[in-house]
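S.K.:
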Amino acid sequence: MKFSLFVHMERWDEQVSHRQLFEDLTELTLMAENGGFSTVWIGEHHAMEYTISPSPMPLLAYLAARTEKIRLGAGTIIAPFWNPIRVAGECALLDVISNGRMEVGLARGAYQFEFDRMANGMPATDGGKALREMVPVVRKLWEGDYAHDGEVYKFPTSTSVPKPFNATPPMWIAARDPDSHNFAVANGCNVMVTPLMKGDEEVLDLKNKFQAALDNNPDVPRPQLMVLRHTHVHSPSEPEGWKVGAQAISRFYRTFDAWFGNKTVPVNGFLEPSPESKFAEVPAFQLENIRKNTMIGTPEEIIARIKYYQELGVDEFSFWCDNSLPHAEKKKSLELFIKEVVPAFA
């Protein structure tokens with residue numbers, strides 16, 4: 001089992017500067033590298049203080065200079081917001097800068113709020129067209145001269161400049177439905193999945209979709225499967241410590257609901273979380289269910305669940321650090337995970 005860190009700058013308090021958030025993200029990444037994590041992942045989001053990352057590339061390039069071993073994952077680049085030539089060139093440059101440590105994750109995008117601002121109001125549900133077209137195009141550009149005349153992208157002969165340090169950098173697809181899994185496997189891409197607020201039955205379901213895609217493509221070498229989960233570790237000496245994580249993740253997903261609903265105009269990049277009353281009767285939002293369904297618990301409890309993932313055939317567990325907690329709490333949780341959980345998989 002490999003471990004990775006999925007992390008963004010997230011701003012809940014206007015008194016905390018963006019510079020401080022940047023330093024906090026850097027500190028967590030350095031902790032992860034020293035703790036033996038394989039990769040740090042940073043995604044892409046626009047115009048929201050809730051998830052601050054207009055491009056993962058400058059952050060990852062900076063981290064390349066601050067680290068030595070940890071791999072640097074652009075996870076994810078939102079395909080409809082990019083030109084394939086730019087994706088190929090920027091990813092290749094990161095690979096050169098980092099001496100071959102780049103990984104690229106591509107996604108179709110989710111928030112209509114972002115599509116309204118970044119893709120001229122394209123329905124977010126149409127993002128998959130750009131994703132499916134982009135994957136083979138980027139690989140062709142890494143190989144050399146290539147012209148493309150597709151449904152979404154059209155350009156005359158071009159190539160990636162620079163070329164990546166590695167001839168075929170690892171490529172990941174964020175997948176949920178069977179078609180996405182099948183596309184990823186058929187195209188030789190690794191698969192990243194997230195159960196969000198659902199429990200381990202969802203992990204099993206996603207793993208089964210991945211397995212079905214493997215069965216549909218028997219001649220393709222087996223790619224890697226990564227599970228991304230909100231993670232909060234607390235000490236056994238703090239039996240109520242789980243509530244800190246559960247309450248924070250509730251706030252995170254009520255804010256997610258506000259952004260995803262796209263019904264309120266944000267003020268200077270902020271949206272208030274949807275009210276608790278909206279979810280009073282929703283089982284997934286009950287604190288005990290958040291505790292059970294996301295990755296919250298003592299080191300012993302978390303070890304048992306990740307070992308179950310390992311038995312399912314999951315190759316990488318990604319510690320999702322975004323949860324609305326202050327940096328000190330995130331750091332405390334990550335330290336416990338590194339000290340008590342990671343050694344159980346050595």
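Last residue of the sequence shown? That's 346 in UniProt numbering, and every number before it is there in order.
Don't be surprised by glycine CBs; every beta carbon is placed ideally from N, CA and C.
#1: Just reading off the alpha helix (DSSP H) that residue 210 is part of, what are its end residues?
#2: Got a sec, what are the start and stop residues for the alpha helix (DSSP H) residue 27 sits in?
#3: So, for residue 10: in the same chain, excluding its five sequence neighbours on each side, which residues have a beta-carbon less than 8 Å away from its beta-carbon?
#4: With distances taken between CB atoms, is the gap from residue 294 to residue 197 smaller than 8 Å?
#5: Going by other Cβ atoms of all chains shown within 10 Å of its Cβ, with 16 needed for buried, is residue 223 buried or exposed?
#6: Could you tell me whether the stretch 130 to 139 touches the stretch 164 to 178, using the rule of 3 or more Cβ pairs below 8 Å?
#7: So, under 8 Å CB-CB, residue 165 and residue 85 are touching, yes? Tell me the CB distance rounded to an integer number of Å.
#8: Using the rule of at least 16 other Cβ atoms within 10 Å of the residue's Cβ for burial, across every protein chain shown, is residue 339 buried or exposed?
#9: Counting C-beta neighbours from all protein chains within 10 Å, is the total for residue 4 16 or more, i.e. buried, or is it exposed?
#10: Measure the beta-carbon distance from residue 342 to residue 36 and round it to whole angstroms, keeping in mind my assumption that it falls under 8 Å.
#11: Nearest by alpha-carbon distance to residue 70: which of 194, 34 and 237 is it?
#12: Which stretch, first to last residue, makes up the beta strand (DSSP E) that contains residue 41?
#13: How about residue 210 and residue 181: are their beta carbons less than 8 Å apart?
#14: Taking 8 Å as the cut-off, does the stretch 70 to 84 touch the stretch 100 to 112 (at least 3 CB pairs, one atom from each stretch)?
#15: Looking only at its chain, what residues have a beta carbon closer than 8 Å to the beta carbon of residue 335, apart from the 5 residues adjacent to it on each side?
#16: So which of 14, 28, 19 and 2 has the shortest CA-CA distance to residue 327?
#17: What does a CB cutoff of less than 8 Å around residue 148 pick up in its chain, not counting 5 residues either side in sequence?
#18: Taking only three categories from DSSP, how would you classify residue 259?
#19: Would you tell me roughly how many angstroms separate the C-alpha atoms of residue 306 and residue 63, rounded to the nearest one?
#20: Can the beta-carbon of residue 146 be found closer than 8 Å to that of residue 159?
#21: Which partner residues of residue 71 appear in the DSSP bridge assignment?
#22: Could you name the residues of the same chain whose beta carbon sits closer than 6 Å to that of residue 67, not counting the 5 residues immediately before and after it, in chain order?
#23: Between residue 62 and the ligand SAM, is there a pair consisting of the residue's CB and a ligand heavy atom that are separated by less than 7 Å?
#24: Taking the continuous beta strand (DSSP E) assigned at residue 278, which residues delimit it?
#25: Please report the residue range of the beta strand (DSSP E) in which residue 106 lies.
#26: By how many angstroms is the C-alpha of residue 241 removed from the C-alpha of residue 233?
#27: Closest to residue 319 by C-alpha separation, out of 337, 265, 309 and 329, would be which residue?
#28: Let me confirm a value: residue 265 is counted as buried when at least 16 other C-beta atoms fall within 10 Å, else exposed. Which label applies?
#29: Reducing DSSP to helix, strand and coil, say where residue 320 ends up.
M.R.: On the basis of the coordinates in this document:
#1: Here residue 210 refers to the residue found at position 210 of the sequence shown. Unbroken alpha helix (DSSP H) run through residue 210: 200 to 216.
#2: Start at 1 with the first residue of the sequence shown, and residue 27 comes out as number 27. Where residue 27 is concerned, the enclosing alpha helix (DSSP H) starts and stops at 18 to 34.
#3: Mapped onto the sequence shown, residue 10 falls at position 10. For residue 10, where only same-chain residues beyond five positions count, the Cβ hits under 8 Å are 21, 49, 50, 51, 52, 322 and 324.
#4: Along the sequence shown, one-based indexing puts residue 294 at 294. Along the sequence shown, one-based indexing puts residue 197 at 197. With respect to residue 197, residue 294 sits close: the two C-beta atoms are nearer than 8 Å.
#5: Looking up residue 223 in the sequence shown gives position 223. With 16 or more Cβ atoms within 10 Å of its Cβ, residue 223 is classed as buried.
#6: The stretch 130 to 139, when compared against the stretch 164 to 178, does touch it at the 8 Å Cβ threshold.
#7: Counting from one through the sequence shown, the residue named residue 165 turns up at place 165. Counting from one through the sequence shown, the residue named residue 85 turns up at place 85. About 19 Å; that fails the 8 Å criterion.
#8: As a first step, residue 339 must be located in the sequence shown, where it is residue number 339. When all chains shown are included, residue 339 counts as exposed.
#9: The residue given as residue 4 occupies position 4 in the sequence shown. Residue 4 is buried by the Cβ-count criterion.
#10: Counted from its first residue, the sequence shown places residue 342 at position 342. Counted from its first residue, the sequence shown places residue 36 at position 36. The Cβ separation is near 6 Å, so the contact holds.
#11: On the sequence shown, position 70 is the one that residue 70 refers to. Ranking the options by Cα distance to residue 70, first place goes to 34.
#12: Locating residue 41 in the sequence shown gives position 41, counting from the first residue. Counting along the chain, residue 41 sits inside the beta strand (DSSP E) bounded by residues 39 to 42.
#13: Translated into the one-based positions of the sequence shown, residue 210 becomes position 210. Translated into the one-based positions of the sequence shown, residue 181 becomes position 181. Cβ atoms of residue 210 and residue 181: closer than 8 Å.
#14: Taking 8 Å as the limit for Cβ pairs, the verdict is that the stretch 70 to 84 does touch the stretch 100 to 112.
#15: Position 335 of the sequence shown, counting from 1, holds the residue named residue 335. Listed in chain order, the non-local C-beta contacts of residue 335 below 8 Å within the same chain comprise 31, local neighbours out to five positions each way being set aside.
#16: One-based indexing of the sequence shown puts residue 327 at position 327. Comparing C-alpha distances from residue 327 to each of 14, 28, 19 and 2 shows the shortest one belongs to 28.
#17: Taking the first residue of the sequence shown as 1, we reach residue 148 at position 148. Annotation for residue 148: 84, 137, 140, 154 and 155 place their beta carbon closer than 8 Å to its own, counting only its chain and skipping 5 residues before and after.
#18: Taking the first residue of the sequence shown as 1, we reach residue 259 at position 259. Looking at residue 259 - three-state DSSP - the assignment turns out to be helix.
#19: The sequence position of residue 306 within the sequence shown is 306, counting from 1. The sequence position of residue 63 within the sequence shown is 63, counting from 1. If you take the alpha carbons of residue 306 and residue 63, they lie about 27 Å apart.
#20: Indexing the sequence shown from 1 puts residue 146 at position 146. Indexing the sequence shown from 1 puts residue 159 at position 159. Contact: yes.
#21: Residue numbering aside, residue 71 sits at position 71 when the sequence shown is read from its first letter. Answer by DSSP bridge pairing, in chain order: 39.
#22: Position 67 of the sequence shown, counted from the start, is the residue given in the question as residue 67. Closer than 6 Å at Cβ, skipping near neighbours: 33.
#23: With respect to the ligand SAM, the structure shown offers nothing to examine, as it has no ligands at all.
#24: By one-based count along the sequence shown, residue 278 stands at place 278. Looking at the DSSP string, residue 278 is not in any beta strand (DSSP E), and its letter there is neither H nor E.
#25: Against the sequence shown, residue 106 aligns to sequence position 106. The continuous beta strand (DSSP E) containing residue 106 extends over residues 102 to 107.
#26: For the purposes of this step, residue 233 is identified with residue 233 of the sequence shown, where counting begins at 1. For the purposes of this step, residue 241 is identified with residue 241 of the sequence shown, where counting begins at 1. In this model, residue 233 and residue 241 are separated by some 8 Å (Cα to Cα).
#27: Against the sequence shown, residue 319 aligns to sequence position 319. Here the closest residue by C-alpha is 337.
#28: In the sequence shown, residue 265 corresponds to position 265, counting from 1. Counting other Cβ atoms within 10 Å of its Cβ, residue 265 stays below 16 and is therefore classed as exposed.
#29: Translated into positions along the sequence shown, residue 320 becomes position 320. Residue 320 carries a strand assignment under DSSP once its states are collapsed to helix, strand and coil.
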